[in-house]
Ligand SMILES: [Zn+2]
């Protein structure tokens, strides 16, 4: 099967290349903003905004006359920026991207933390370096990570973070999908605990996150006391960007371990259709939710499921996984602060485990539908979910994996 995969690794550019990287990032930002202004004024005049293609034609005319400086960078940079802009508008008109709400596209500012651009065309990967259009051979910090054989390279996205440059190479690879004989699980993603599985496995958030968060807050405070534009302020701003980058890396790493482990060892994973925009209304929850990176977790599960022969089911948006009692099916009120849910039927269970069990039961009650459809699982919205889950099944699921396992490192997870 052909799959698209991205490999992200750090670049080790020389001085001349570094200048070129910044210049390319500048062209990307300029093209995006130029296109956005064009689209905006068209909308203001009540006409259809120009497409990426027609903007590219116009830009090529400008390039030949007034904007000759555009020749200094790879021609794929304005192209991909304008394509990205089209996607931003499409998402805006559709109202969302994945499960996230999307606002009107914004101008990219020089002061924003990240700079970046995307290249297409002739990109070659070698063991120790990458051959990029206009930039030449750029050294890689890590050798041998990006595949050099059997992969078709589609594009390279280059971005800066706290003074370091990264490349994400998108390749198309032919992979053999292994047979997955794992069990089915319900997965509840939480704020206090990263993940809870219906078999009782609990995956905690990475611990250093809290430590970095305290550092982040104190650095922010220190920065606020400095005179804007001073050398000290600039030093602290870089420090702040570095901490942000470290937190992001840590989080990404942790999520990757979890999603790899899950898709490798489970044949079916039932998750909630998380609506972070709904939950974002609660200010305190908001930070934690962005931390857990719900949307990112789902994205990773979905693409890794393809590699490892697993399947992901998304429960309907308002499926009451938390409120429902996993034993008798009754709906209870479960405030956010409550960690252990109790029900009139006598059930007492960890809040997230209860939710995970409900999700797992959804898959179990649809086992027939699954068998009937074979490989092609019907979209979840078409499935009928019985109001009352089968209590017997749920008990069994819990007793199967009776003792709950707490793991801090998803690597330790029991398949
Ligand atoms: Zn109950």
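In this note's numbering, the protein residues as written are 1 to 415. For every residue, glycine included, the Cβ atom is placed at its ideal position computed from N, Cα and C.
> In terms of alpha-carbon separation, which member of 60, 24, 144, 20 lies closest to residue 8?
Replying inline: Nearest in C-alpha terms to residue 8, of all of 60, 24, 144, 20, is 144.
>> Helix, strand or coil, according to DSSP, for residue 294 in the structure here?
In response: DSSP places residue 294 in helix when its eight states are reduced to three.
> Using the beta-carbon count (16 or more within 10 Å), is residue 22 buried or exposed?
Replying inline: The residue is exposed, with fewer than 16 neighbouring Cβ atoms inside 10 Å.
> Who are the Cβ neighbours of residue 132 in its own chain at under 7 Å, not counting the five residues just before and after it?
Replying inline: Correct list, in chain order: 119, 123, 138, 156.
> When DSSP labels each residue in this structure, what does residue 352 get in the three-state scheme?
Replying inline: If DSSP states are grouped into helix, strand and coil, residue 352 belongs with the helices.
> Going by other Cβ atoms of all chains shown within 10 Å of its Cβ, with 16 needed for buried, is residue 49 buried or exposed?
Replying inline: Counting of Cβ neighbours within 10 angstroms places residue 49 among the buried residues, the total reaching 16 or more.
>> For residue 270, tell me which candidate among 220, 234, 332, 195 has the shortest Cα-Cα distance.
In response: When 220, 234, 332, 195 are compared, the shortest CA-CA separation from residue 270 is found for 195.
> Can you tell me the Cα-Cα spacing of residue 321 and residue 353, whole angstroms?
Replying inline: For residue 321 and residue 353, the distance between alpha carbons rounds to 10 Å.
>> In the DSSP output, which residue or residues are listed as bridge partners for residue 7?
In response: DSSP output for residue 7 lists 169 as bridge partner(s).
> Quick one: Cα of residue 323 to Cα of residue 253, how far?
Replying inline: Those two C-alpha atoms are separated by around 31 Å.
> Per DSSP, what kind of secondary structure is residue 114 in: helix, strand or coil?
Replying inline: Three-state result, residue 114: coil.
>> Let's see if you can read the secondary structure: which residues bound the beta strand (DSSP E) around residue 310?
In response: First-last for residue 310: undefined, no H or E at that position.
>> Closer than 5 Å between the C-beta and any heavy atom of ligand 1: which residues qualify, listed along the chain?
In response: Cβ atoms closer than 5 Å to ligand 1 belong to 325, 327, 328, 330, 343, 345, 347.
> By Cβ distance, which residues of its chain are closer than 8 Å to residue 60, with the 5 residues on each side in sequence left out?
Replying inline: Its chain contains no residue whose beta carbon lies nearer than 8 Å to that of residue 60 once the 5 sequence neighbours on both sides are disregarded.
>> Alpha carbons only, please: which of 217, 25, 6 is nearest the one belonging to residue 151?
In response: Considering only alpha carbons, the answer is 6.
>> In the DSSP assignment, the beta strand (DSSP E) including residue 341 goes from what residue to what residue?
In response: Taken as a continuous stretch (DSSP letters only), the beta strand (DSSP E) holding residue 341 covers 340-342.
>> DSSP has residue 254 in a bridge; who is on the other side?
In response: Under DSSP, residue 254 forms no beta bridge with any residue.
> If you follow the beta strand (DSSP E) that residue 45 is part of, which residue opens it and which one closes it?
Replying inline: Unbroken run through residue 45: none, as it is neither H nor E.
> When DSSP labels each residue in this structure, what does residue 363 get in the three-state scheme?
Replying inline: It is helical.
> Along the chain, which unbroken stretches of the beta strand (DSSP E) at least 3 residues long are found entirely within the region 148-225?
Replying inline: The qualifying runs are 151-161, 164-174, 183-189, 195-197, 201-203.
>> Quick check on DSSP: helix, strand or coil for residue 102?
In response: It is coil, neither helix nor strand.
> Going by beta carbon distance, what residues of the same chain come within less than 8 Å of residue 154, once the five residues before and after it are set aside?
Replying inline: Apart from sequence neighbours up to five positions away, the residues of its chain that approach residue 154 with a beta-carbon distance below 8 Å are 4, 120, 170, 171, 172, ordered along the chain.
> Taking the alpha carbon of residue 147 as the point to measure from, which residue in 125, 168, 160 has its own alpha carbon closest?
Replying inline: Selected option, being the one with the closest Cα: 125.
> Who are residue 270's beta bridge partners in DSSP?
Replying inline: Looking at the DSSP assignment, residue 270 forms a beta bridge with 186, 313.
>> With H, G and I counted as helix, E and B as strand and the rest as coil, what does DSSP make of residue 95?
In response: DSSP places residue 95 in coil when its eight states are reduced to three.
> From what residue to what residue does the alpha helix (DSSP H) around residue 61 run?
Replying inline: For residue 61, the enclosing alpha helix (DSSP H) has its first and last residue at 52-64.
>> In whole angstroms, give me the CA-to-CA distance for residue 174 and residue 2.
In response: Residue 2 has its alpha-carbon roughly 5 Å from the corresponding atom of residue 174.
> Which residues bound the beta strand (DSSP E) around residue 75?
Replying inline: It is not in any beta strand (DSSP E) - residue 75 carries neither H nor E in the DSSP assignment.
> Nearest-angstrom Cα distance between residue 381 and residue 362?
Replying inline: Below a pLDDT of 50, predicted positions are generally treated as unreliable, and residue 381, at 35, falls in that range; the measurement from the model is reported next regardless. If you take the alpha carbons of residue 381 and residue 362, they lie about 12 Å apart.
> Taking DSSP as the reference, what is the three-state secondary structure of residue 21?
Replying inline: DSSP places residue 21 in helix when its eight states are reduced to three.
>> Measuring only the C-alpha atoms, how far is residue 140 from residue 11?
In response: So the alpha carbons of these two residues sit roughly 5 Å apart.
>> Taking the beta strand (DSSP E) that residue 139 belongs to, which residues open and close that run?
In response: In this chain, the beta strand (DSSP E) harbouring residue 139 covers 136-140.
>> Taking only three categories from DSSP, how would you classify residue 146?
In response: Coil at residue 146, not helix or strand.
> So which of 52, 206, 233 has the shortest CA-CA distance to residue 256?
Replying inline: Restricting attention to 52, 206, 233, the CA atom closest to the CA of residue 256 is found in 206.
> According to DSSP, which residues form a beta bridge with residue 119?
Replying inline: By DSSP's assignment, residue 119 forms a beta bridge with 156.
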